[in-house]
Amino acid sequence: MRDSRGREINYLRLSVTDRCNIRCIYCMPESGVDLVSHDDVLSVDETIRLTGIIMKAAGVRKVRVTGGEPLVRKGLLDIVRGISDLHPLELVLTTNGLLLSGMAEQIAEAGIERVNISLDSLRDERIRGISRRDISLKDIKDAIQSAFDAGLDPLKVNCVVMRNINDDEIAEFIRWSGETGVFVRFIEHMPSILSEDTFVSRDEIIERASVLGRIVKLSDEGTAGIYSAQGTGQTFGIIAPFSDPMCNSCSRIRLSALGTLYSCLAEGEGVPLMELLRSDAGDETISEMVIRSVINKPDSHGGCVRTKMWRIGG
Ligand code: SAM
Ligand code: SF4
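Counting the sequence shown from 1 gives a position; the numbering used here is that position plus 2.
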């Protein structure tokens, strides 16, 4: 369906858990986050039912399963199967990759078509520093290989760029993506628990990439600008919520694991649907709430608010 500004809303980001097995410095505090009790999280059946209602009410055609870390969610495969039965045109997932090696086949069989993997450095020491966990590049390379083996491709790798933390690795990442067969996308850091001094703009990312050759923009693909380093045949993406917010063409809504619907990152409270779902309310009543939320989608996120990404799925 279209919102009041005429934007077509057809993409749902579905967060299936608040929990995560790592603690990225730009996302979660080291001590973790307040854990909500399992009773306050949508059950497998509730998740599938609510997703179905939202898909039908808003005309959603693409669902991205996210989190927290979706692969730690108990019952994930049942959720994926249930949503796959709702026949979205695209069913995809975003993960930090750590549990992917043991699950790639299963999630592909359950209905996931492609995965995005988050990776912020190619250097073991930095990966450990950013994730605050004992992870190495080899772990992520294994995850990538198992995704390819399971037919989960094309595969995108998302890298949040942070000043003095990993911003000297842009060209290296682009070269590495060519060698590995993944497509790398650099993300501008959105306000988080990390100092704002770490922000690196799209133009700076392009400047750092230009050591490979002149950088030319090829197209826009969803929220990402697609670029090519001329003379190398290498392409990469930049997601620039600050430099290029793309709010005019935003097609997304988000459902949290707590059953709250957000029509925009800027929508602080969201629309809580859990209680309604657990009452006698029929699908029609919930659909009306969904439609109202979509119609009232804010014009823009105003340069990005400080958002709990682990709660609403990035
Ligand atoms: N745990 C999964 C993962 O990391 O891929 C999925 C959830 S995570 C919240 C989704 C995406 O949000 C990741 O690619 C992550 O890098 C990104 N993200 C989290 N916090 C961010 C921030 N402050 N700025 C930009 N991207 C962020
Ligand atoms: Fe976990 Fe993803 Fe947040 Fe990192 S970005 S802490 S992997 S939810």
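Virtual Cβ for every residue (Gly too), placed ideally from N, Cα, C.
Beyond the five residues adjoining it in sequence on each side, Y264 comes within less than 6 Å, by CB distance, of R256, G272 and I314 in the same chain, given in chain order. When DSSP states are grouped into helix, strand and coil, D151 belongs to the helix group. Near the ligand SAM, meaning a beta-carbon closer than 5 Å to one of its heavy atoms, we find Y28, C29, T68, G69, E71, T96, N98, S120, N160, V162, I189, H191, M192, S194, M311 and G316. Not one heavy atom of the ligand SF4 is found less than 7 Å from the C-beta of C266. Separation of K76 and S45 (C-alpha to C-alpha, rounded to the nearest whole angstrom) is 10 Å. As the crow flies, the alpha-carbon of M192 is around 30 Å from that of S148. Comparing C-alpha distances from M3 to each of R294, S302, T234 and D301 shows the shortest one belongs to R294. A Cβ-Cβ distance of about 5 Å is found for the pair R187 and N160, placing them in contact under the 8 Å criterion.
Bounds of the beta strand (DSSP E) holding K158 are K158 to V163.
By the Cβ-count criterion, N298 is exposed, with fewer than 16 other Cβ atoms from all chains shown falling within 10 Å of its own Cβ. The criterion of a C-beta distance shorter than 8 Å is not satisfied by A112 and A152.
By the criterion of at least three beta-carbon pairs nearer than 8 Å, the segment 23 to 38 is not in contact with the segment 48 to 63. Here the C-alpha atom of G233 lies approximately 43 Å from the C-alpha atom of S258. In summary, P72 is buried, with 16 or more beta-carbon neighbours lying within 10 Å of its beta-carbon over all protein chains present.
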